[in-house]
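Okay, structure first, notes after.
Numbering (our numbering), first residue to last: 1 to 187.
Below, the structure is given as structure tokens:
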């Protein structure tokens, strides 16, 4: 079994990298498990533990999905949280609406349904998880820090490919291994 997902790798600009580390320092009293910024990605489909004999079929379906999807530009737009204002669980960075991204995500699900992978019931919310919140020391300080950084992240990212990635969980955090990348080639 391999723990798999499909994602767009997201190169982080020097300015956003610096903002990210500056932002981390603003949450000193809080317990937040921050991502490794070098592993930044936008998940399009999470499979979880998957039998290795399914990988070939998954790759064939991803070939089909990317054959009709064209390259596009993603624009980083805002900082937010999942959970409530009173009990936030995840800090994330979101993206401007992108018809091409929604089309690609939909195509992936259409193709994967052909081989038995059901569509997720949740709405697709394109985001980059920045940190998972274990506890907040002071909710007012947390909100002030969020407000300070809410509109500071901006970047345009050209998307030409997606990848099928294996996630190997370790005590120090996940290690990601690209199984195969797929070029977007639709017109």
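Backbone N, C-alpha and C define an ideal beta-carbon position, used for all residues, glycine too.
None of the values given here were measured: they were computed from a predicted structure.
In the three-state reduction of the DSSP assignment, residue 58 falls in the helix class, which pools H, G and I.
Residue range 14-26 is occupied by the alpha helix (DSSP H) that includes residue 17. The DSSP-derived three-state label of residue 124 is coil.
When only Cα atoms are considered, residue 38 and residue 141 end up about 27 Å apart. Residue 157 is positioned such that its CB atom lies closer than 8 Å to that of residue 74. Assigned with DSSP and collapsed to three states, residue 132 falls in strand. Residue range 139-149 is occupied by the alpha helix (DSSP H) that includes residue 140, with no beta strand (DSSP E) assigned at that position. Comparing alpha-carbon positions, the option among 162, 77, 94, 9 lying closest to residue 36 turns out to be 9. Counting the other CB atoms within 10 Å of its CB gives residue 1 a total below 16, which places it among the exposed residues. Rounded to whole angstroms, the separation of the alpha carbons of residue 159 and residue 71 is 6 Å.
With a cutoff of 8 Å on beta-carbon distance, residue 33 and residue 119 are scored as not near each other. Taking the Cβ atoms as the reference, residue 78 lies roughly 6 Å from residue 151, within the contact range of under 8 Å. The residues 41, 42, 43, 44, 162, 163, 165, in chain order, have a CB closer than 8 Å to that of residue 7 in the same chain once the five nearest residues on each side in sequence are set aside. DSSP, read as helix, strand or coil, puts residue 97 in coil. Residue 146 and residue 57 have their C-alpha atoms some 42 Å from each other. Assignment of residue 152 by DSSP, reduced to helix, strand and coil, places it in the coil class.
Within the model, the alpha-carbon separation for residue 68 versus residue 183 is close to 10 Å.
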